[in-house]
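Chemist:
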Amino acid sequence: MSVRKLFFNGTIITMDKNQPIVEAVGIENEKIIAVGDLEKVKKNLGEKYISTDLKRSALLPGFIDSHMHPISYMFILMNLNLSTMTSLDELQEFLKKTAEKRGKGELIFGFKLKEEMFDVPKLPTRWDLDVACPENPVIILRYDGHIGVANTKTLELVGINSETKVPRGGEIRKNEKGELTGVISENALGIIYSTISKYLIPNPDTLQETAEKAFKSLAMKGITSFHGVTTLQRDIPVYQMIQNEVLQSWYSLISIVDPSKLMELKEQSLDSNEEDSKFKTRCWKGYFDGTFGAKTALMHEAFSDAPNVTGFSVVDEEEMFNRMKVAHEMGFQIGIHAIGDKGNRVLVDLYKRLLEESPKENHRHRIEHASLLTEDVIRDIKKYNIILACQPPFINSEYTWLERRLGKKRCKYTYPFKSIIDAGIIMASSSDSPIEDPDIISGLHALVTRNGFIPEQCLTMEEALRTYTINGAYAAFEENIKGSISVGKFADLVILDRNPLEVKKDEIRNIQILETIIRGKTVFKKEV
680 MSVRKLFFNG
690 TIITMDKNQP
700 IVEAVGIENE
710 KIIAVGDLEK
720 VKKNLGEKYI
730 STDLKRSALL
740 PGFIDSHMHP
750 ISYMFILMNL
760 NLSTMTSLDE
770 LQEFLKKTAE
780 KRGKGELIFG
790 FKLKEEMFDV
800 PKLPTRWDLD
810 VACPENPVII
820 LRYDGHIGVA
830 NTKTLELVGI
840 NSETKVPRGG
850 EIRKNEKGEL
860 TGVISENALG
870 IIYSTISKYL
880 IPNPDTLQET
890 AEKAFKSLAM
900 KGITSFHGVT
910 TLQRDIPVYQ
920 MIQNEVLQSW
930 YSLISIVDPS
940 KLMELKEQSL
950 DSNEEDSKFK
960 TRCWKGYFDG
970 TFGAKTALMH
980 EAFSDAPNVT
990 GFSVVDEEEM
1000 FNRMKVAHEM
1010 GFQIGIHAIG
1020 DKGNRVLVDL
1030 YKRLLEESPK
1040 ENHRHRIEHA
1050 SLLTEDVIRD
1060 IKKYNIILAC
1070 QPPFINSEYT
1080 WLERRLGKKR
1090 CKYTYPFKSI
1100 IDAGIIMASS
1110 SDSPIEDPDI
1120 ISGLHALVTR
1130 NGFIPEQCLT
1140 MEEALRTYTI
1150 NGAYAAFEEN
1160 IKGSISVGKF
1170 ADLVILDRNP
1180 LEVKKDEIRN
1190 IQILETIIRG
1200 KTVFKKEV
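Here the working numbering is used: the first residue of the sequence shown is 680, the next is one more, and so on.
The following block contains the structure:
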């Protein structure tokens, strides 16, 4: 049965440059069928339709988070969120109370530690965790997910000792006495994950309940689509179990060492190869370096607060190029994590080599994060039509310590969003959730205000909105079916309590999501 709906009497921001603001929108079932003047839209809808009076609120295209980790987001809901810890003592007391509630020997997993918030900003060690939990294996991850701390019980559980071979692109740190500190970063974390993953996957009922909660929470934030990083070994079994609970469209960035296996995985997924498919498996995800917080991002010069540390690449350049070439020649999009200034320079050089040896129109290859970009790198990104999937909320979390870590000079080209947009580069915004809260409104605030951090790189609200709508759609080859309020596209819509184009900068955070509509169906509506 056909269901038609009319939206009117509000500010309708289409993100369609041909008609940016309109009076009304008409939809039929999943699609938008009329956009424009109220009387014209009514005429196109016919005699029977359901009217929605926007009552001066704002209607926009649904928001797209262009880089998040949905399975990890679910695990955050099932495990410990450490983001509010402000001291080592508080962390230890929290872990101790958790252990008292758990059985002896039960694994305790904590996420999102922000040790920069500690009175003494320093990562804990295994001995610090042993004090709190001597009888339970404990592993905690810093909020960026690139470095963690394991206590003695966990090291014993996974078989890490002073003789363990450190994987290329990873660290197992020791102190000056040669003792394991429990601090493990980048590829070395895989040793832990490969052993403890069996302890983390709950029963199917709990998994589905958590998935339902997770994707409803995304809907509450106005998210109608996301680009989800999906790790083959860890996430795919869960991915296959929860698809019925997923409300949003899910464009997968598959993290796998051997891209040649992508086609086999694509055939096993729910990707129907149709343009309208809700689930798509069309991008290979790689990692090239680390993060600022873990001091593992690949830098030209040492970190300002760690004079002997320049970070590192987690994979050899030639090996990375070979992987990129396989994915490219198989017809997959490529998205690679790079944060440091040298990391981005080297990665762009690899893209240049790839695209000059094997030219391809409309490849839409991506850099995930692209945090430090010098002018020469920005020029080459534009020249080779590389898309950037950036994380504005990183500024909200890092602006208080970035200058200490990078120095004033490098801050000038850290998260250079205005330079990116002015260069004509397609930038899509995201949260990297669960690293950051997938709160689009917070992301818009970061783009427009930057919390005062390098204010010359602030975007206008219109530019900011484009990064969360039409640019996100373009980054997944989906600009013909979503990203703007245009005839023929999916009725993926979000209603805000006010017009974001008119909101004062200091009031952006107060914008409320009133309703989220995915493919014509309301999946969230704020209670009045």
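In this text, a Cβ means the ideal position worked out from N, Cα and C, and glycines have one as well. All values derive from a computational prediction rather than experimental measurement.
Could you tell me which residues DSSP pairs with ASN760 in its beta bridges?
Modeler: In the DSSP output, where bridge partners are listed per residue, ASN760 has PHE790.
Chemist: What is the DSSP secondary structure of TRP1080, counted as helix, strand or coil?
Modeler: The answer is coil: DSSP assigns TRP1080 none of H, G, I, E or B.
Chemist: Taking the CB atoms as reference points, tell me whether SER904 and ILE743 lie closer together than 8 Å.
Modeler: It is a contact, given that the beta carbons lie within the stated cut-off.
Chemist: Within a Cβ cutoff of 8 Å, which residues of the same chain sit near LEU1123, ignoring the five residues on either side of it in sequence?
Modeler: Within the same chain, LEU1123 has close Cβ partners PRO1071, MET1140, ALA1143, LEU1144, TYR1147, PRO1179, ILE1187, ILE1190.
Chemist: DSSP three-state label for HIS1124, please.
Modeler: Helix, per DSSP.
Chemist: Grab me the residues of LYS1021's own chain with a C-beta within less than 7 Å of its C-beta, minus the 5 sequence neighbours each way, in chain order.
Modeler: Excluding sequence neighbours, LYS1021 sits near LEU977, MET978, HIS979.
Chemist: Report yes if the C-beta distance between ILE1160 and GLU953 is below 8 Å; otherwise report no.
Modeler: No, the Cβ-Cβ distance between ILE1160 and GLU953 is not below 8 Å.
Chemist: Sort out for me which residues DSSP pairs LEU820 with in a bridge.
Modeler: According to DSSP, LEU820 bridges with GLY827.
Chemist: Assign LYS727 to buried or exposed, taking buried as 16 or more other Cβ atoms, counted over all protein chains shown, within 10 Å of its Cβ.
Modeler: Exposed, by the Cβ-count rule.
Chemist: Using the C-alpha atoms, what's the distance from LEU1172 back to TRP806?
Modeler: Roughly 50 Å between the two C-alpha positions.
Chemist: Going by the beta-carbon positions, is the gap between ALA1068 and GLY1014 smaller than 8 Å?
Modeler: Yes, the Cβ-Cβ distance between ALA1068 and GLY1014 is below 8 Å.
Chemist: Looking at PHE1203 and LYS895, is the spacing between their C-beta atoms short of 8 Å?
Modeler: Cβ atoms of LYS895 and PHE1203: closer than 8 Å.
Chemist: Nearest CA to the CA of ALA1154: which residue from ALA703, LEU868, ASP984, ARG961?
Modeler: Closest option to ALA1154, Cα to Cα, is ARG961.
Chemist: When you compare each of VAL917, GLY907, ILE863 to THR885 by their alpha carbons, which one comes out closest?
Modeler: Per the Cα distances, VAL917.
Chemist: Taking the alpha carbon of HIS1048 as the point to measure from, which residue in LYS1031, ILE1018, VAL1056 has its own alpha carbon closest?
Modeler: That would be ILE1018, whose Cα lies nearest to the Cα of HIS1048.
Chemist: Given this structure, state the Cα-to-Cα distance separating GLY857 from ILE875, to the nearest angstrom.
Modeler: GLY857 and ILE875: Cα-Cα distance of roughly 25 Å.
Chemist: To the nearest whole angstrom, what separates the beta carbons of ASP695 and ILE1164, a pair I think is in contact under 8 Å?
Modeler: Confirmed, Cβ separation roughly 6 Å.
Chemist: Give me the Cα-Cα distance between ARG683 and GLY789, rounded to the nearest whole angstrom.
Modeler: Approximately 47 Å, taken between the alpha carbons.
Chemist: How many angstroms separate the CA atom of VAL936 from the CA atom of LYS719?
Modeler: About 53 Å.
Chemist: Would you identify the three-state DSSP class for ALA1049, choosing helix, strand or coil?
Modeler: In the structure shown, ALA1049 sits in coil (DSSP, three-state: anything other than H, G, I, E or B).
Chemist: Relative to the alpha-carbon of ALA973, which residue among GLU1054, THR989, GLY965 has its alpha-carbon at the smallest distance?
Modeler: When only C-alpha atoms are compared, the closest one is THR989.
Chemist: Tell me the rounded alpha-carbon separation between GLY1086 and LEU1052.
Modeler: Cα to Cα, the separation comes out at about 15 Å.
Chemist: Using the rule of at least 16 other Cβ atoms within 10 Å of the residue's Cβ for burial, across every protein chain shown, is GLY827 buried or exposed?
Modeler: GLY827 should be labelled buried.
Chemist: Would you mind reading off the limits of the beta strand (DSSP E) that contains CYS812?
Modeler: It is not in any beta strand (DSSP E) - CYS812 carries neither H nor E in the DSSP assignment.
Chemist: Using only CA atoms, which one of ARG1198, LYS1205, GLU1206 lies nearest to LYS710?
Modeler: Taking only the C-alpha atoms, the option nearest LYS710 is ARG1198.
Chemist: Between LEU868 and ARG821, which are expected to be in contact by the criterion C-beta below 8 Å, what is the C-beta distance as a whole number of angstroms?
Modeler: No, LEU868 and ARG821 are not in contact; Cβ-Cβ is about 11 Å, not under 8 Å.
Chemist: So what does DSSP say about ASN840, is it helix, strand or coil?
Modeler: Three-state result, ASN840: coil.
Chemist: Of all the options ASP995, PHE1073, ASP823, ASN1150, which has the alpha carbon lying nearest to the alpha carbon of ASN1130?
Modeler: Closest option to ASN1130, Cα to Cα, is PHE1073.
Chemist: On the CB-based measure, 16 or more other CB atoms within 10 Å of its CB, does MET1003 come out buried or exposed?
Modeler: Classification for MET1003: buried.
Chemist: For GLU842, which of LYS832, LYS853, GLY784, ASP1176 has the nearest alpha-carbon?
Modeler: Ranking LYS832, LYS853, GLY784, ASP1176 by Cα distance to GLU842 puts LYS853 first.
Chemist: Leaving out the 5 sequence neighbours to the left and right, which residues in its chain are closer than 6 Å to PRO749 when beta-carbon positions are compared?
Modeler: Same-chain partners within the cutoff: GLY907.
Chemist: CB-CB under 7 Å to THR860, same chain, minus the five flanking residues each way: which ones, in chain order?
Modeler: Excluding positions up to five away in sequence, the list reads THR804, ARG805, ARG852, LYS853, ASN854.
Chemist: Let me know the secondary structure DSSP gives ALA890 once reduced to three states.
Modeler: Helix, per DSSP.
Chemist: Check whether the region 1055-1064 touches the region 1026-1042, taking contact to mean three or more Cβ pairs, one atom from each stretch, closer than 8 Å.
Modeler: Cβ pair count under 8 Å is three or more, so yes.
Chemist: Please list the terminal residues of the continuous alpha helix (DSSP H) segment that includes GLY999.
Modeler: The amino acid occupying residue 999 in the given sequence is Met; Gly does not appear at that position. From DSSP, the alpha helix (DSSP H) with MET999 extends over 996-1008.
Chemist: Suppose you measure from the CA of GLN818 to the CA of GLU891; what does that come to, to the nearest Å?
Modeler: Looking at the sequence provided, one finds Ile at residue 818 rather than Gln. Distance between the alpha carbons of ILE818 and GLU891: 26 Å.
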